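Undergrad: In my numbering, the protein residues as written are 581 to 806. Where a beta carbon is used, it is the ideal one built from N, C-alpha and C, also for glycine. Since this is a predicted model, take the numbers as computed values, not measurements.
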Amino acid sequence: MSTDQLSPLRPLFIGLGVVVALTLAVTIYCGAYTQRFANFRDIDASREKLKDIPMEIGNWVVKNEIILEADSVRDMQIENGYIARQYENKETREQVNFVMMLGPTGRVVVHTPEICFGGRNYQQEPKESFSLPGTIPDDEKSGEEKFWNVRFVNRATQGERTSFHYAVSSGDYWTAVENPRYEFRRFLYVYKIQVQAIVSRGGTDPAKDFLTDTLPTIRQYMSPCR
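1) Terminal residues of the continuous alpha helix (DSSP H) containing valine 653?
2) For tyrosine 771 versus methionine 802, is the C-beta distance shorter than 8 angstroms?
3) Taking Cβ positions, are proline 811 and phenylalanine 744 nearer each other than 8 angstroms?
4) For arginine 806 and glutamine 704, what's the separation of their Cα atoms in angstroms?
5) At the level of alpha carbons, what is the spacing between arginine 700 and glycine 739?
6) Please state the DSSP three-state secondary structure of tyrosine 702.
7) Using 7 angstroms as the cut-off, classify the Cβ of glycine 751 as near or not near the heavy atoms of the ligand SAM, replying yes or no.
8) Is there contact here, the segment 705-712 with the segment 677-690, by at least three beta-carbon pairs under 8 angstroms?
9) Can you tell me which of Lys631, Pro684, Thr742 and Tyr662 puts its alpha carbon nearest to the alpha carbon of arginine 766?
10) In angstroms, rounded to a whole number, what distance separates the CA positions of arginine 781 and alanine 625?
11) Quick check on glutamate 763: does DSSP put it in helix, strand or coil?
12) Rounded to a whole number of angstroms, what is the C-alpha to C-alpha distance between glutamate 810 and aspartate 785?
13) When DSSP labels each residue in this structure, what does threonine 672 get in the three-state scheme?
14) Along the alpha helix (DSSP H) that carries lysine 629, what are the first and last residues, could you check?
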């Protein structure tokens, strides 16, 4: 085919080239964003280590194992990568539901209580952040760990609240940030912790007490994320 014959087709070839390049770029971006092509180095060992968190931590003892919904586990891609337990305080008899997971960053950080909990019988109160003393010994960081706390008022029980405390970590400090997808974008996978408890009107929050008592021990079963 001569140069003159190719000339009318040149814009078509250029357009096809642009489409192919854009498709490739989008595929690579989406793969990185969802960790589709990620090589989870040491992920299996880290997940097994997570499961070794003790059944008894101080005054908190496991009362029941909790099975998460299969759809949620599949959506977050945390098969074999989470523990879910109900702990009870031996002295106060307070109970909390504790969930900790290790999975793809883009999957686990978007599942928050504000999205996954509630209904017409519950009214969500404003989300707040709070700090707890850091649990990494001899670390040079600020010494604080931040968590979100969001509560849902149960209209049927006249003020009883379901309280959630949650945070994300790359294996060091727990943090509460507005956009965890962006803040943790360089990590292939992250830890997420969530503690749920019922708070009576004027009562203390067992979820916060649980975190205060158990975080130093939980720290021992975490690994640096990549």
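TA: Answer, in terms of the structure:
1) Against the sequence shown, residue 653 aligns to sequence position 73. First-last of the alpha helix (DSSP H) with valine 653: 650-656.
2) As a working note, residue 771 is residue 191 in the sequence shown. As a working note, residue 802 is residue 222 in the sequence shown. With a cutoff of 8 angstroms on beta-carbon distance, tyrosine 771 and methionine 802 are scored as near each other.
3) Residue 811 is absent from the structure shown; the chain starts at 581 and stops at 806.
4) Taking the sequence shown and counting its residues from 1, the one referred to as residue 806 is at position 226. Taking the sequence shown and counting its residues from 1, the one referred to as residue 704 is at position 124. Rounded to whole angstroms, arginine 806 to glutamine 704 spans 35 angstroms at the Cα level.
5) Within the sequence shown, the letter at position 120 stands for residue 700. Within the sequence shown, the letter at position 159 stands for residue 739. Going by the C-alpha atoms only, they are around 15 angstroms apart.
6) If you number the sequence shown from 1, residue 702 lands on position 122. Reduced to three states, the DSSP call for tyrosine 702 is strand.
7) Only the bare structure without any ligand can be found here, which leaves the ligand SAM out of the picture.
8) When Cβ pairs closer than 8 angstroms are counted between the two stretches, the segment 705-712 is seen not to touch the segment 677-690, the count staying below three.
9) To locate residue 766, count along the sequence shown from 1; it is residue 186. Measuring from the Cα of arginine 766, the nearest candidate turns out to be Pro684.
10) Here residue 781 is taken as the residue at index 201 of the sequence shown, counted from 1. Here residue 625 is taken as the residue at index 45 of the sequence shown, counted from 1. For arginine 781 and alanine 625, the gap between their C-alpha atoms comes out near 43 angstroms.
11) Here the question's residue 763 lines up with position 183 in the sequence shown. Collapsing the DSSP output to three states places glutamate 763 in a helix.
12) Because the chain in this structure spans residues 581 to 806, residue 810 falls outside the shown range and cannot be described.
13) For this step, residue 672 is matched to residue 92 along the sequence shown. DSSP, reduced to helix, strand and coil, places threonine 672 outside both helices and strands of the structure shown, so it counts as coil.
14) Working through the sequence shown from its first residue, we reach residue 629 at position 49. Per DSSP, the unbroken alpha helix (DSSP H) holding lysine 629 starts and ends at 623-630.
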